[in-house]
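In UniProt numbering, the protein residues as written are 1 to 60. All residues carry an ideal CB built from backbone N, CA and C; glycine is no exception.
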């Protein structure tokens with residue numbers, strides 16, 4: 001996503017992992033998501049791809 005000032009913003013879209021109620025780390029009752037390790041690993045892989053110059057558009 002290109003911003004007005006030239007800044008480029010990348011968004012990781014993967015509804016299966018990130019589109020849910022609560023906080024990024026847990027549900028509305030304060031319990032951790034059981035797949036936090038998978039969600040964090042996916043985010044880390046995306047960051048590694050950016051760092052390596054291998055940006056992919058379909059990560060899910």
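Requested in this report: Work out the CA separation of residue 3 and residue 36 for me, nearest whole Å.
Outcome: 30 Å
Requested in this report: Evaluate the contact criterion for the stretch 13–23 versus the stretch 36–51: three or more CB pairs, one atom per stretch, below 8 Å.
Outcome: yes
**Report entry** Beta-carbon proximity list for residue 44, same chain, < 6 Å, skipping 5 on both sides
**Finding:** none
Query raised in the report: To the nearest angstrom, how far is it from the Cα of residue 6 to the Cα of residue 53?
Result: 19 Å
Query raised in the report: residue 46 and residue 12 look like a contact to me (Cβ under 8 Å); what is the Cβ gap, rounded to whole Å?
Result: 5 Å
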